[in-house]
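Working notes for the structure below.
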Amino acid sequence: EPAAPKGQLFFYRSRLGGLKDIAQNIDKSSRNSGLDYAFTMNAGLSLFKAIKPFSLLHVYVRPKDKDFFERILMLTPSDENNAQLCIMTNDDKDLYASSEELHGLFVADKGRLLADIRKHGDADLARAPLGGIFAQSEVCVYH
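Every letter in the sequence shown is one number past the one before it in this note's numbering, and letter 5, counting from 1, is 5.
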């Protein structure tokens with residue numbers, strides 16, 4: 001099966017419960033199976049600082065691992081407006097190598113996080129001064 005094009009987005013709902021449950025299951029399943037992942041967008045930013053509540057997790061996984069996550073997270077395809085999770089397939093090894101662990105979860109590096117927010121995300125966050133986004137104390141919605 002050919003790899004998905006770089007940057008392809010897949011939207012889902014999960015039968016596991018809320019965003020915290022989904023995020024923790026992504027981490028646990030990845031660690032147990034030796035798979036890479038990295039949160040980005042609001043899910044990643046919230047690991048650096050307190051942000052307004054959000055209802056959609058964005059996570060990078062390798063294209064070959066998408067089926068595994070669909071199965072283990074009990075995902076059903078959804079439209080973007082009703083989705084809880086957006087899987088962003090990407091095979092870039094640097095993305096995963098440069099991710100950092102915060103509050104027990106892996107997040108894309110700050111440069112990619114900001115680029116993703118500018119490209120796909122909240123216009124207000126994208127306009128915020130770069131230093132200000134990461135200057136506040138770390139508060140996490142997942143704990």
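All residues carry an ideal CB built from backbone N, CA and C; glycine is no exception.
{"Query": "Beta bridge counterpart(s) of Y37 as assigned by DSSP", "Result": "V61"}
{"Query": "Contact under 8 Å by Cβ, T89 with V107", "Result": "no"}
{"Query": "Beta-carbon spacing of A43, V59 below 8 Å", "Result": "yes"}
{"Query": "Rounded separation between Y96 and Y37 - CA only", "Result": "7 Å"}
{"Query": "Own chain residues within Cβ distance below 7 Å of L105, not counting five before or after", "Result": "A23, D27, F39, L47, Y142"}
{"Query": "Cβ separation of F11 and D79, assumed to be a contact under 8 Å, to the nearest whole Å", "Result": "6 Å"}
{"Query": "Integer-rounded CB distance, given that L75 should sit under 8 Å from S14", "Result": "5 Å"}
{"Query": "Backbone CA spacing between I51 and F68 [nearest angstrom]", "Result": "30 Å"}
{"Query": "Exposed unless 16 or more other CB atoms sit within 10 angstroms - verdict on R112", "Result": "buried"}
{"Query": "Three-state secondary structure assigned by DSSP to I87", "Result": "strand"}
{"Query": "Where L105 sits in the DSSP three-state scheme", "Result": "strand"}
{"Query": "When L73, D92, G17 are compared against S29, the one with the closest alpha-carbon", "Result": "L73"}
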